[in-house]
Structures are given as C-alpha cells and as structure tokens.
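Numbering (this note's numbering), first residue to last: 1162 to 1332.
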Amino acid sequence: MNRNNFKQVLLLMAMAFLLTFTTEAQMQPAKRIAPKVIKGVSLNATNDQVWDFVSQPKAFYEAIEEVQNLSCPNISDGAKLSFTLPADKNRKQEVSYFNKQEQAITYYITKSDYYHQPWVFQLLVGKDGDSAYVQFQGIFSIDDKKLEKKMIALVESEWLLLKKALEIKFK
C-alpha cells in the first residue's frame, strides 16, 4: 500500500470513529407527555371567529376579567406575556407553538406560582357540529401525587377563567 492510500484509509477510519461518537452525543428527542387536564367548550361561532380571538394573546387575555397587570406585545407568534391572576401573582409565559392552519396555539409557562417548573397548555380550535369547539390541554409532569392533584385543580381553575372569557365573547 502506498503512502497516499494509507493516508486515505487512516482518514476514513478517523472519520468513522468521530461520526460514531457524534451520533451518540446527540440529544434524544423529547418524550411526549400526555395532558393531565383536558377540557373543552362549544361556542356559538365559527372556527375562524374563535381562532381570530384566541390567536391574539393580548386581546384574549385582556378579555379575562381576573387578569391584571398584563404586559404583552400585540403579536401572536413568539409573544411573551406577563400578568397576575388571583392564584398566580407572577405569571410569565410565551407562545411556543402557533399554527394558523391547525388552529393551535401552545403557551409555555416559564414562571408560575402554581408550580415551580415550566409547564404547558394548548388551545385547539375545531368544529362541533355547527359550532366551534375549543379544547384546552394542560401538560405537566409531577411525580408527587399530592402535588399533582393540587396542580390539576389549579390548572382546571385557570381553564374556567379562559372558558368564561370565551363564553362571554361568543354568547
């Protein structure tokens, strides 16, 4: 074997070695967590009317009577919000997923008095016969069953605030 062939073989072996460790070092895909809270409401409106409302975080949160001290740019995708609720005095969240075609918006809660770990909720707009349907999914992972039960109650109470605003808007 001449010197050039030896270099090529050595280079190939080095590349194969490095590629093996590179693929092992990559992060594993995130594990999907099933929603702990799933709620919904049918509204006397079209999907597009409901989507136009919930897809504008500032307008949507301004319609929730219990929300105070709202700070939110008037954008939808990537919006960062902060506000207070009776049970959550220092909420910070952002729009982490926004899809107009799917009519889905996901909020990533980065700071909450409910739970000191990030959690997520998603609003999905769909049809229910002649009405629009909004599905709420609260997604979080807690190993402590007592704390999980408390968190479920808090997330459900937050859903009731969102539901009330939707029902008032679309009487």
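Every residue, glycine too, gets a C-beta built ideally from N, C-alpha and C.
Going by DSSP, what residue range makes up the alpha helix (DSSP H) through residue i?
| i | result |
| --- | --- |
| D1209 | N1208 to V1215 |
| F1221 | P1218 to E1223 |
| V1316 | K1306 to K1330 |
Which residue from the options puts its Cα closest to that of residue i?
| i | options | result |
| --- | --- | --- |
| V1228 | V1215, T1245, K1241 and V1198 | T1245 |
| T1289 | K1192, R1193, K1272 and V1211 | One point to set straight first is that residue 1289 is Asp, not Thr, in the sequence displayed. That would be V1211, whose Cα lies nearest to the Cα of D1289. |
| F1214 | A1248, I1266, I1300 and K1307 | I1266 |
| L1321 | A1248, D1291 and C1233 | A1248 |
| V1286 | Q1278, V1295 and Q1254 | V1295 |
| F1259 | N1230, K1253, Y1269 and R1252 | Y1269 |
| Q1262 | D1209, R1193 and K1250 | D1209 |
| F1331 | L1204, N1251 and A1224 | L1204 |
| N1230 | L1323, G1239 and K1250 | K1250 |
| L1327 | T1271, K1192 and A1224 | A1224 |
Would you report the Cα separation of residue i and residue j, rounded to the nearest angstrom?
| i | j | result |
| --- | --- | --- |
| K1325 | Y1275 | 20 Å |
| A1293 | V1281 | 23 Å |
| Q1298 | A1314 | 13 Å |
| F1221 | K1200 | 18 Å |
| T1207 | K1197 | 28 Å |
| K1253 | D1304 | 23 Å |
| Q1264 | F1301 | 22 Å |
| Q1283 | A1240 | 14 Å |
| D1291 | I1329 | 19 Å |
| V1316 | C1233 | 21 Å |
| R1193 | S1243 | 26 Å |
| E1255 | V1202 | 23 Å |
| Y1226 | K1310 | Residue 1226 is actually Glu in this sequence, not Tyr. Between E1226 and K1310, the C-alpha separation is close to 26 Å. |
Is it buried or exposed, residue i, if we count other Cβ atoms within 10 angstroms and call 16 or more buried?
| i | result |
| --- | --- |
| P1218 | buried |
| E1319 | buried |
| Q1278 | exposed |
| T1184 | The pLDDT assigned to T1184 is 49, lower than 50, so where the model puts this residue is not dependable; a value taken from the coordinates is nonetheless given after this. It counts as exposed. |
| A1195 | exposed |
| S1216 | buried |
| K1308 | For clarity, residue 1308 is Leu in the given sequence; the question names Lys instead. Label assigned to L1308: exposed. |
| L1323 | buried |
| S1273 | buried |
| M1312 | buried |
What residue range is occupied by the uninterrupted beta strand (DSSP E) comprising residue i?
| i | result |
| --- | --- |
| E1255 | D1249 to N1260 |
| I1303 | No beta strand (DSSP E) holds I1303; DSSP gives it neither H nor E. |
| Q1264 | Premise fails: Q1264 is in no beta strand (DSSP E) and is neither H nor E. |
| Q1283 | W1280 to D1289 |
| V1202 | V1198 to L1204 |
| S1243 | K1241 to L1246 |
| S1232 | Q1229 to S1232 |
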